[in-house]
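Participant:
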Amino acid sequence: MKGLMIKDFLLFWKNAKIILAVYVIGIVVSFFKASSNFLTVFITLFSIMWIVNLFALDLQAKWDPYCVGLPVPRRKIVLARYLFFLLIVLAGTILIMADGIAVAFRYGGGWAEASQAMNEAWIMMGGCLIFVSILLPFVYQFGINKARFIVIVVAILPAILVSIIGNGNSDEMTAPYLDKILSSLNWILPLGGAALFLISYAISGAIFQKKEL
Amino acid sequence: MENMIEVINVEKSYRDFSLNHVTFALPKGSIMGFVGANGAGKSTTIKLILNIIRRDSGEIRVFGKDNIKREQEIKQEIGLVMDDCSFHDAFHAKDVAAILNGIYPNFERKQFFSYLDRFRIPVQKKIKDYSRGMKMKLSIAAALSHHAKLLIMDEPTSGLDPIVRSEILDLFMDFIQEEEHGVLLSSHITSDLEKICDYITFIDNGSIVLSEEKDTILDHYGIIKGGREAFRKVDDRDIIGKKSTSLNCEALVRDRMQMKRKYPDLLVEPAQIEDIMVFIRRGQEV
């Protein structure tokens, strides 16, 4: 399994120059605009895009049939991919937190703003985990080409949800509950994301175990 | 003789293709050529041996162990080469070494690079800049660098020029000098197989048509040739496959010495592996 994670890391590293350049731009922009929003959006999109890209690169190289022929159990092949994604998201979360704290102190926001930036980073991490947890079983079941459409569907669903919540917000009965939910997102999303991530791994593992390549 | 691979009555069905009661064995210390036309079932059989796809029924043993129950243990000792280089274009040879080092506990980095050196593979180049021959040699170097006892290769020489093919075949001959080793090599380049194989297994349309020692095949099989008129007296039961023009006929027979005695008027010649492949295919079509 170590070899598979090294493979994913090497693929990441080979493409890292452009990615790191955008990270640097994100950090510079966050300092000029006194906000980490750009960096947060970029890292979120990048983390999801990169995991999809890894499957596409494997498909292009015809890696999967070879990989299953190696002495690595199928569940560990899936586990390596999930762990690698977790590492990318964790690294992104730490980067957003560090950037948020630095911006908060640079502009005199102190710990209050720093803690808000950290909350945003947790929310980003939770959102990423939920998105990818839904996506990956589809990728293992249908292959990356068909699952690209699922990416679009999974991306649109939260937008619809937010829009429904936004409309519901005007309702006086539901507003207090919605406010409570929204203010609890900083722990609901990471915890929900982590739980869903484990369930997703179990489902993907079961799918890949039976998959014929 | 102890077998490295035993495939016993294996079946696998798809909507438009099936493997039917596939049975053959690769004895220790030998090279088996797995021959067949495109789509005959060579890759499917290899994938079944490696448990990349699941058999519907039958039994597969590698090193005497069930290939599903003892899968990981078995795969530690198999060197695998697929019909395409499975390493990503962006990688260099040192990346391949790093990956395989994390997969095979016995991987020998030094040995891997010595093979690359012997093959004159430019290690500073990315894989995307390699020729097909270089990619195949890289795959073979990878398969040979973790003390594998058994090499399983799906079309490793297809699309390669004769010089590269000859180098690769020499390498297999070196590998097999160790009597604990074995090679299963699928190909439809029959001349390569005739050079190096001890056994030939021929698969056609999902069924094993023959699986015998190469020398036995070449010693016994023959082609009888003659005019259409002279051919009329040939018993259909003696013929495995036949082709004819408006004037002449040719047919593959299993025992050429017997046929020589039985049909003294007809010309009987030894058959090559390629003849056998072509005639068996034609025999089925007729």
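Residue numbers (the working numbering), protein chains in the order written: chain W, 29 to 241; chain S, 291 to 576.
Where a beta carbon is used, it is the ideal one built from N, C-alpha and C, also for glycine.
The model shown is predicted, which means the values in this text are computed figures rather than measured ones.
Taking CB distances under 8 Å as the criterion, tell me whether A380 of chain S reaches chain W.
Facilitator: Taking the second sequence and counting its residues from 1, one reaches residue 380 of chain S at position 90. Cβ-Cβ to chain W under 8 Å: yes for A380 of chain S.
Participant: Closest to E148 of chain W by CA distance: which of W:W91, W:T72, W:N81 and W:R176 is it?
Facilitator: Numbered from 1 along the first sequence, position 120 holds the residue referred to as residue 148 of chain W. Comparing Cα-Cα distances from E148 of chain W to each of W:W91, W:T72, W:N81 and W:R176, the minimum goes to W:T72.
Participant: Considering only residues of the same chain and omitting the five flanking positions on each side of I162 of chain W, which have a CB-CB separation below 6 Å?
Facilitator: Here residue 162 of chain W refers to the residue found at position 134 when the first sequence is read from its first residue. Hits under 6 Å: V182.
Participant: So does the segment 92–99 of chain W actually touch the segment 336–344 of chain S, counting three or more Cβ pairs closer than 8 Å?
Facilitator: yes
Participant: Got a sec? Which residues, its chain only, sit under 7 Å from I79 of chain W by beta carbon, not counting five neighbours each side?
Facilitator: Residue 79 of chain W sits at position 51 when you count from the first residue of the first sequence. Cβ within range, chain order: F113 and V160.
Participant: Got a sec: which bits of the segment 537–554 of chain S sit with their beta carbon under 7 Å from any beta carbon on chain W, in order along the chain?
Facilitator: none
Participant: Rank W:K239, W:I129, W:Y110 and W:L123 by C-alpha distance to the C-alpha of F225 of chain W and give the top, closest one.
Facilitator: What you label residue 225 of chain W is simply residue 197 of the first sequence in a count that begins at 1. Residue W:Y110 is the option with its Cα nearest to F225 of chain W.
Participant: Return the first residue and the last residue of the beta strand (DSSP E) that K337 of chain S is part of.
Facilitator: For the purposes of this step, residue 337 of chain S is taken as residue 47 along the second sequence, with counting starting at 1. Segment K332 to I339 is the alpha helix (DSSP H) holding K337 of chain S; no beta strand (DSSP E) there.
Participant: Give a yes or no on whether the minimum CB-CB distance between Y229 of chain W and chain S is below 8 Å.
Facilitator: What you label residue 229 of chain W is simply residue 201 of the first sequence in a count that begins at 1. Residue-level contact by beta carbon fails for Y229 of chain W and chain S, as no gap is shorter than 8 Å.
Participant: Sorted by chain position, which residues of the same chain lie with C-beta nearer than 6 Å to I172 of chain W's C-beta, five sequence neighbours on each side aside?
Facilitator: Taking the first sequence and counting its residues from 1, one reaches residue 172 of chain W at position 144. Counting only Cβ-Cβ distances below 6 Å, and skipping sequence neighbours, we find F83, A84 and L87.
Participant: Should T68 of chain W go down as buried or exposed, given a rule of 16 or more other Cβ atoms within 10 Å for buried?
Facilitator: Sequence index remark: in the first sequence, residue 68 of chain W carries index 40 (1-based). Flag for T68 of chain W reads buried.
Participant: Within 7 Å: the Cβ of L461 of chain S and any heavy atom of the ligand ADP?
Facilitator: The ligand ADP is not part of the structure shown, which contains no ligands of any sort.
Participant: Reducing DSSP to helix, strand and coil, say where L434 of chain S ends up.
Facilitator: Numbered from its first residue, the second sequence carries residue 434 of chain S at position 144. L434 of chain S: helix per DSSP, three-state reduction.
Participant: Kindly list, in the order they appear in chain S, the residues whose Cβ is closer than 7 Å to that of K35 of chain W.
Facilitator: Stepping through the first sequence from its first residue, residue 35 of chain W is reached at position 7. Simply I389.
Participant: Given 8 Å as the limit, is there contact between the segment 125–137 of chain W and the segment 299–314 of chain S, that is, 3 or more CB pairs closer than that?
Facilitator: no
Participant: According to DSSP, is E575 of chain S helix, strand or coil?
Facilitator: As a working note, residue 575 of chain S is residue 285 in the second sequence. Residue placement at E575 of chain S cannot be trusted, given a pLDDT of 47 that sits under 50; what the coordinates show is reported in the next sentence. Reduced to three states, the DSSP call for E575 of chain S is helix.
Participant: For the beta strand (DSSP E) holding S497 of chain S, just list the boundary residues, first then last.
Facilitator: The residue you call residue 497 of chain S lines up with position 207 of the second sequence. Looking at the DSSP string, the run of the beta strand (DSSP E) that includes S497 of chain S is S497 to E503.
Participant: Let me know the secondary structure DSSP gives A561 of chain S once reduced to three states.
Facilitator: By one-based count along the second sequence, residue 561 of chain S stands at place 271. Residue state, collapsed to three classes: coil.
Participant: For the beta strand (DSSP E) that contains I162 of chain W, what are its first and last residues?
Facilitator: Within the first sequence, residue 162 of chain W is the residue found at index 134, counting from 1. Unbroken run through I162 of chain W is the alpha helix (DSSP H), G138 to F170; no beta strand (DSSP E).
Participant: In chain S, which residues lie less than 7 Å from V100 of chain W when you measure between Cβ atoms?
Facilitator: Working through the first sequence from its first residue, we reach residue 100 of chain W at position 72. Result: I393.
Participant: At a Cβ threshold of 8 Å, is V576 of chain S touching chain W?
Facilitator: In the second sequence, counting from the first residue as 1, residue 576 of chain S sits at position 286. Confidence at V576 of chain S is low in this model, with a pLDDT of 43, below 50, so the placement of that residue should be treated as unreliable; the coordinate-derived value is given next. By this cut-off, V576 of chain S is not an interface position.
Participant: Pick out whichever of S:E469, S:T480, S:E519 and S:V568 has its Cα sitting closest to the Cα of E292 of chain S.
Facilitator: On the second sequence, position 2 is the one that residue 292 of chain S refers to. Per the Cα distances, S:E469.
Participant: Return the first residue and the last residue of the beta strand (DSSP E) that L475 of chain S is part of.
Facilitator: Taking the first residue of the second sequence as position 1, residue 475 of chain S is located at position 185. Looking at the DSSP string, the run of the beta strand (DSSP E) that includes L475 of chain S is G472 to S477.
Participant: Would V454 of chain S and I514 of chain S be called neighbours here (beta carbons separated by less than 8 Å)?
Facilitator: What you label residue 454 of chain S is simply residue 164 of the second sequence in a count that begins at 1. What you label residue 514 of chain S is simply residue 224 of the second sequence in a count that begins at 1. For V454 of chain S and I514 of chain S, no; Cβs fall outside 8 Å.
Participant: Is there a Cβ from chain S that is less than 8 Å from the Cβ of K45 of chain W?
Facilitator: Taking the first residue of the first sequence as 1, we reach residue 45 of chain W at position 17. So no, K45 of chain W is outside the interface.
Participant: Within 10 Å of its beta-carbon, does D407 of chain S have 16 or more other beta-carbons around it, so buried, or fewer, so exposed?
Facilitator: The residue you call residue 407 of chain S lines up with position 117 of the second sequence. Exposed is the call here.
Participant: Just how far apart, CA to CA, sit F59 of chain W and I34 of chain W?
Facilitator: Walking along the first sequence from the start, residue 59 of chain W turns up at place 31. Walking along the first sequence from the start, residue 34 of chain W turns up at place 6. The straight-line gap separating the alpha-carbon atoms of F59 of chain W and I34 of chain W is approximately 34 Å.
Participant: If distances are taken between C-alpha atoms only, which option among S:V524, S:D528 and S:I529 comes closest to D555 of chain S?
Facilitator: Taking the first residue of the second sequence as position 1, residue 555 of chain S is located at position 265. Here the closest residue by C-alpha is S:V524.
Participant: On the premise that I151 of chain W lies in contact with L217 of chain W, defined as a C-beta separation below 8 Å, what is that separation, rounded to the nearest angstrom?
Facilitator: Reading the first sequence from its first residue, position 189 is the one you call residue 217 of chain W. Reading the first sequence from its first residue, position 123 is the one you call residue 151 of chain W. With a Cβ gap of about 5 Å, L217 of chain W and I151 of chain W count as contacting.
Participant: Between K355 of chain S and the rest of its own chain, which residues show a CB-CB distance below 8 Å, the 5 nearest in sequence each way excluded?
Facilitator: If you number the second sequence from 1, residue 355 of chain S lands on position 65. Cβ neighbours of K355 of chain S within its own chain (closer than 8 Å, five residues either side excluded): E363 and I364.
Participant: To the nearest angstrom, report how far apart G392 of chain S and G54 of chain W are at their CA atoms.
Facilitator: Residue mapping note: residue 392 of chain S aligns to position 102 of the second sequence, counting from 1. Residue mapping note: residue 54 of chain W aligns to position 26 of the first sequence, counting from 1. The straight-line gap separating the alpha-carbon atoms of G392 of chain S and G54 of chain W is approximately 34 Å.
Participant: By alpha-carbon positions, which one of S:G472, S:S429 and S:M443 ends up nearest to A89 of chain W?
Facilitator: For the purposes of this step, residue 89 of chain W is taken as the residue at position 61 of the first sequence. Residue S:S429 is the option with its Cα nearest to A89 of chain W.
Participant: Can you pull the chain W residues whose beta carbon is under 7 Å from the beta carbon of S477 of chain S, in chain order?
Facilitator: Looking up residue 477 of chain S in the second sequence gives position 187. What S477 of chain S touches in chain W: nothing, since even the nearest Cβ is about 18 Å away.
Participant: Could you please give the first and the last residue of the uninterrupted alpha helix (DSSP H) stretch that includes T121 of chain W?
Facilitator: The count along the first sequence starts at 1 and reaches residue 121 of chain W at position 93. R102 to R134 is the span of the alpha helix (DSSP H), which, as asked, contains T121 of chain W.
Participant: Closer than 7 Å between beta carbons: that is the criterion. Which residues of the segment 431–453 of chain S meet it against chain W?
Facilitator: none
Participant: Output the distance between the C-alpha atoms of K380 of chain S and K418 of chain S, rounded to the nearest integer angstrom.
Facilitator: Translated into the one-based positions of the second sequence, residue 380 of chain S becomes position 90. Translated into the one-based positions of the second sequence, residue 418 of chain S becomes position 128. Sequence inspection shows Ala at residue 380 of chain S; the Lys mentioned does not correspond to that position. Each residue's CA atom was taken as its position, placing A380 of chain S and K418 of chain S some 7 Å apart.
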